[in-house]
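Below is one structure, written out as structure tokens; comments come after it.
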Amino acid sequence: MEETPARLTAKPSWLLAQLALHAHRLASDGFGEVGARGYHYRILAALDEFGAASQADLGRRCNMDRSDVVAAINELAEQSFVERTPDPDDRRRNIVTLTMAGDRQLQRMDRALDKVQDDLLGPLPAEDRQTLTRLLTQLLTHHQQG
13 MEETPARLTA
23 KPSWLLAQLA
33 LHAHRLASDG
43 FGEVGARGYH
53 YRILAALDEF
63 GAASQADLGR
73 RCNMDRSDVV
83 AAINELAEQS
93 FVERTPDPDD
103 RRRNIVTLTM
113 AGDRQLQRMD
123 RALDKVQDDL
133 LGPLPAEDRQ
143 TLTRLLTQLL
153 THHQQG
């Protein structure tokens, strides 16, 4: 950062953008090590936490575009990590369910993402990591409400 203009490095928005790029690369690499992508994690985590859901509900919960949801679910279904069945109330919709294999994959992804967090936040002690997470959550909540 010594060659970056000081008026940039003094701006939280610039720092967050630079760190987001680094975090995305680390997460992509970590997920790649277990044969996965970030979209897979979002979907598997939502299914684990909230249960079976339609593709549209998954898109809303995971903040994903419809076409990305379909592509990710196709990839997950090919690996038997999720099952798609017609919705009994509306045959035009599919209900997506997490499988046991999907649960095991989610656990592998959790471990990979935990390692990424340790790499990303390496220089910070545990208390600072908690503070950073709390502050980032506060900022994100504020901007999502606005």
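Going by the working numbering, the first residue of the sequence shown is number 13, and it counts up by one from there.
For each residue, glycine too, the CB sits at the ideal point set by N, CA and C.
What you are looking at is a predicted structure, and each value in this text was computed from that prediction instead of being measured.
Where DSSP assigns a beta bridge to residue 98, which residues make up the other side?
Taking the first residue of the sequence shown as 1, we reach residue 98 at position 86. Its beta-bridge partners are 106.
Go ahead and pull the three-state DSSP assignment for residue 92.
The sequence position of residue 92 within the sequence shown is 80, counting from 1. If DSSP states are grouped into helix, strand and coil, residue 92 belongs with coil.
Taking residue 102 as the reference, which of 83, 133 and 67 has the closest Cα?
The residue you call residue 102 lines up with position 90 of the sequence shown. Comparing Cα-Cα distances from residue 102 to each of 83, 133 and 67, the minimum goes to 67.
Exposed or buried, residue 88, counting other C-beta atoms within 10 Å across all chains shown (16 or more means buried)?
What you label residue 88 is simply residue 76 of the sequence shown in a count that begins at 1. Under this definition residue 88 is a buried residue.
So, is residue 32 buried or exposed, given that buried needs 16 or more other C-beta atoms within 10 angstroms?
Within the sequence shown, numbered from 1, the residue matching residue 32 stands at position 20. Residue 32 comes out exposed.
Environment of residue 150 [buried if 16+ CB atoms lie within 10 Å]
Your numbering for residue 150 matches position 138 in the sequence shown. Around the beta carbon of residue 150, fewer than 16 other beta carbons sit within 10 angstroms, so the residue counts as exposed.
What first and last residue would you give for the alpha helix (DSSP H) that runs through residue 29?
Translated into positions along the sequence shown, residue 29 becomes position 17. Looking at the DSSP string, the run of the alpha helix (DSSP H) that includes residue 29 is 24–44.
With 16 other CB atoms within 10 Å as the buried threshold, where does residue 93 fall?
Along the sequence shown, read from residue 1 onward, the residue named residue 93 stands at position 81. With 16 or more neighbouring CB atoms inside 10 Å of its own CB, residue 93 falls in the buried class.
Assigned secondary structure, residue 65 (DSSP; H/G/I helix, E/B strand, else coil)
Here residue 65 refers to the residue found at position 53 when the sequence shown is read from its first residue. It is a strand residue.
Suppose contacts are defined by Cβ-Cβ distances below 8 Å. Is residue 64 in contact with residue 109 by that definition?
Start at 1 with the first residue of the sequence shown, and residue 64 comes out as number 52. Start at 1 with the first residue of the sequence shown, and residue 109 comes out as number 97. Cβ atoms of residue 64 and residue 109: closer than 8 Å.
Nearest CA to the CA of residue 121: which residue from 145, 40 and 70?
Counting from 1 along the sequence shown, the entry for residue 121 is found at position 109. Checking every option, the nearest Cα to that of residue 121 belongs to 40.
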